[in-house]
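Protein chains: 2
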Amino acid sequence: MSRCGMIKNARNTPRGPQRREESLSRDRIIEASIALLDSKGEGGLTFRALSERLATGAGAIYWHVENKSDLLTAACDSIIARTMASCVVGATPEATIRTLALGMFDAIDAHPWVGSALTHTAGQLPMVRIVECLGQQVRALGVADKEQWAVVSALLHYILGVAGQNAANTQFARTRSIDRSNFLDAMATVWSQLDPKEYPFARSVAGQLRVHDDCADFLAGIDLILSGIRGLRADRIDLT
Amino acid sequence: MSRCGMIKNARNTPRGPQRREESLSRDRIIEASIALLDSKGEGGLTFRALSERLATGAGAIYWHVENKSDLLTAACDSIIARTMASCVVGATPEATIRTLALGMFDAIDAHPWVGSALTHTAGQLPMVRIVECLGQQVRALGVADKEQWAVVSALLHYILGVAGQNAANTQFARTRSIDRSNFLDAMATVWSQLDPKEYPFARSVAGQLRVHDDCADFLAGIDLILSGIRGLRADRIDLT
DNA sequence: ATTATATTGGAACGACGTTCCATTTATGTC
DNA sequence: GACATAAATGGAACGTCGTTCCAATATAAT
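Chains as they are written, first to last, in our numbering: chain A, 25 to 264; chain B, 25 to 264.
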């Protein structure tokens with residue numbers, strides 16, 4: 025009766041771990057899924073691979089998990105929850121937002137699949153966690169109530185955009201069994217050979233691509249938005 | 025010999041459309057793919073459905089197209105190319121960036137699958153087009169050479185982030201055969217019922233979610249970044 | 001006409017997500 | 001301890017997908 029999305033352990037049994045020690049559980053499945061995704065990439069999570077790793081059948085997994093989408097969201101949420109929990113400190117709201125953004129960047133660097141998973145969890149738990157963390161800091165920044173959602177939304181979408189691209193780059197490099205820097209290098213080479221008439225800008229930044237620091241650029245973008253938020257507040261004060 | 029990515033029509037035949045009128049071609053395949061994606065959504069693009077619509081076999085399609093990823097990228101590029109071509113005008117660089125962003129928003133609203141397709145085209149043609157358009161305007165804004173990539177990257181990632189989320193929302197709603205606004209309404213309801221202790225912010229903005237305008241929020245984010253860029257330039261002028 | 005090449009249509013393969021169900025294991029009752 | 005009920009398991013089977021393969025056809029070249 026405790027099927028899938030139902031409440032787990034509604035009537036909790038008195039003592040110890042019931043059932044045999046090696047029994048299946050939602051947590052064990054999620055844990056195995058994360059291990060699989062980390063080691064084999066986005067495409068590595070299959071019910072067959074999962075069955076083998078857990079020494080069971082596909083049907084047994086479906087008893088604890090709704091479907092693959094549910095499983096991926098749960099795995100994603102597990103990473104996001106940890107990440108959010110580890111970034112609560114910070115001197116100023118701006119510093120906290122930077123720390124939080126950096127935490128997300130590192131999390132996605134360590135688990136690239138989270139970047140693409142986040143794209144498919146619209147409005148669900150992982151996203152809510154991020155929105156909540158960002159929102160509390162935006163409030164602390166003194167942004168007016170009416171503008172809070174737009175501001176949080178800007179930060180969120182920017183972070184999700186970088187997350188998605190980083191995930192895609194890593195995944196792209198993995199399928200060609202080269203590493204990320206080699207991929208960026210190859211991309212820079214292609215860009216530098218574009219037609220100067222049609223693509224003057226792309227051609228000119230190709231060199232910067234080769235030596236740039238993903239993380240620094242990411243934080244520069246966060247600072248750009250934070251600076252824009254400061255402008256919002258300045259406008260408000262000017263009017264009073 | 026003109027297989028897949030090879031040069032087409034290297035030795036062009038003298039007169040008229042060679043081969044029979046209804047012959048297959050890369051363009052006809054891409055056109056049909058777009059129609060399929062628009063009408064059936066992300067999952068609607070299948071080599072079987074494509075075969076049926078084009079009255080041919082799967083093997084014939086593979087003669088003109090490398091694989092599904094190549095096909096999706098080409099379809100995506102077709103939309104992006106049109107979008108970029110239709111947004112070249114504008115009074116100021118800032119206005120042009122806004123127009124461009126708006127064009128992207130509308131394009132993804134009309135073809136939601138483009139949002140997720142863009143995530144999987146890292147460094148390829150569609151992305152280069154967007155980078156080029158943004159880059160030229162950022163240059164015109166007077167941003168220093170060293171900072172141009174970071175600024176373009178921020179705008180690009182923000183746009184891609186919104187694109188991906190909008191695509192996900194539309195797709196999510198489609199699979200449940202409800203429309204987008206009903207989905208956002210349902211999401212707002214869930215958020216408003218969250219634990220006030222744990223999710224005070226998410227709970228408080230739930231109401232705004234119900235009545236907000238996606239496009240307005242998107243443009244507000246663009247303005248936030250543009251405002252941050254203005255700040256960059258101000259700093260630079262202060263130093264000289 | 002005959003050969004060579006470009007293109008086509010569809011059968012077949014292996015992998016996937018998911019469903020189904022017979023079987024096993026635990027829990028509650030007398 | 002024996003029995004009934006429910007929870008949980010493992011694996012076979014189904015339908016769909018991307019992709020490959022290849023015999024058949026259409027076009028071009030000689």
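Backbone N, C-alpha and C define an ideal beta-carbon position, used for all residues, glycine too.
Values in this document were obtained by computation on a predicted structure and should not be read as measured data.
Asked, Found
"Using a C-beta cutoff of 9 Å, does A:Gly65 count as contacting chain B?", "no"
"Tell me, please, whether the region 105 to 114 of chain B touches the region 50 to 70 of chain B by the rule of three or more beta-carbon pairs shorter than 8 Å.", "no"
"Report the residue from B:Leu142, B:Leu126 and B:Val155 whose alpha carbon sits nearest the alpha carbon of B:Phe242.", "B:Leu126"
"For A:Lys64, which residues of its own chain have a beta-carbon under 8 Å away from its beta-carbon, when the five flanking residues on both sides are left out?", "Ala73"
"Does any C-beta atom of chain A lie closer than 9 Å to the C-beta of B:Ala34?", "Bear in mind that a pLDDT of 35 at B:Ala34, under 50, signals an unreliable position, so the model cannot answer this."
"So, for A:Ala99: in the same chain, excluding its five sequence neighbours on each side, which residues have a beta-carbon less than 6 Å away from its beta-carbon?", "Ile54, Ser57 and Ile58"
"Strictly under 9 Å for the Cβ-Cβ distance: is A:Asp130 near chain B by that measure?", "no"
"Using a beta-carbon distance below 9 Å, is B:Gln217 in contact with chain A?", "no"
"Is A:Ala119 close to chain B? Criterion is C-beta to C-beta, closer than 9 Å.", "no"
"Closer than 8 Å by C-beta to B:Met151: which residues in its own chain qualify, once you throw out the five before and the five after it? Chain order, please.", "Leu142, Thr145 and Leu180"
"Am I right that B:Val229 and A:Gly159 are in contact with their C-beta atoms under 8 Å? What's the rounded C-beta distance?", "7 Å"
"Less than 9 Å between the C-beta atoms of B:Arg227 and B:Leu208, yes or no?", "no"
"Taking contact to mean 3 or more Cβ pairs, one atom from each stretch, closer than 8 Å, check whether the region 183 to 196 of chain A and the region 178 to 194 of chain B are in contact.", "yes"
"Which residues mark the beginning and the end of the alpha helix (DSSP H) in which A:Glu222 is found?", "First-last for A:Glu222: undefined, no H or E at that position."
"For B:Ala192, return the contacting residues in chain A, with the cut-off set at a CB-CB distance below 7 Å.", "Thr143, His144 and Ala146"
"Taking just the CA atoms, how far does A:Asn193 sit from A:Ile202?", "11 Å"
"Let me see if you follow: with CB-CB separation under 9 Å, is A:Ala96 close to chain B or not?", "Note that residue 96 of chain A corresponds to Leu in the displayed sequence, not to Ala. So, not an interface residue."
"Closest Cβ-Cβ distance between B:Ser251 and chain A: below 9 Å?", "yes"
"With respect to the alpha helix (DSSP H) encompassing B:Leu149, which residues constitute its N-terminal and C-terminal limits?", "Leu149 to Ala164"
"So, using beta-carbon positions, are A:Ile253 and A:Leu165 closer together than 9 Å?", "yes"
"Quick check on A:His181 - is its C-beta less than 9 Å from some C-beta in chain B?", "yes"
"Going by C-alpha to C-alpha distance, which of B:Val113, B:Ile132, B:Ala244 and B:Ala212 sits closest to B:Ser102?", "B:Ile132"
"Rounded to whole angstroms, what's the CA-CA distance from A:Ser47 to A:Leu78? Just pull it up for me.", "10 Å"
"Report yes or no: is there a C-beta of chain B within less than 9 Å of the C-beta of A:Trp87?", "no"
"Give, in chain order, every residue of the region 162 to 175 of chain A whose Cβ lies closer than 9 Å to some Cβ of chain B.", "Val162, Arg163, Asp169, Lys170, Glu171, Gln172, Trp173, Ala174 and Val175"
"With DSSP run on the structure shown, which of helix, strand or coil describes A:Asn193?", "helix"
"Which of the three DSSP states, helix, strand or coil, is assigned to B:Asn24?", "The first residue shown for chain B is 25 and the last is 264, placing residue 24 of chain B beyond what the model contains."
"DSSP on B:Thr116, reduced to helix/strand/coil?", "coil"
"Using a Cβ-Cβ cut-off of 9 Å, state whether B:Val112 counts as contacting chain A.", "no"
"Mind listing, in chain order, the continuous alpha helix (DSSP H) runs of no fewer than 4 residues lying wholly within the region 44 to 120 of chain A?", "50 to 64, 71 to 78, 82 to 88 and 92 to 109"
"For A:Thr120, which residues from the same chain have a beta carbon less than 7 Å from its beta carbon, with the 5 sequence-adjacent residues on both sides left out?", "Gly114 and Gln161"
"What separation, rounded to the nearest whole angstrom, lies between the Cα atoms of A:Asp62 and A:Cys157?", "25 Å"
"Would A:Asp62 count as contacting chain B if we go by Cβ distances under 9 Å?", "no"
"Can B:Leu95 and A:Leu248 be called in contact, C-beta distance under 9 Å?", "no"
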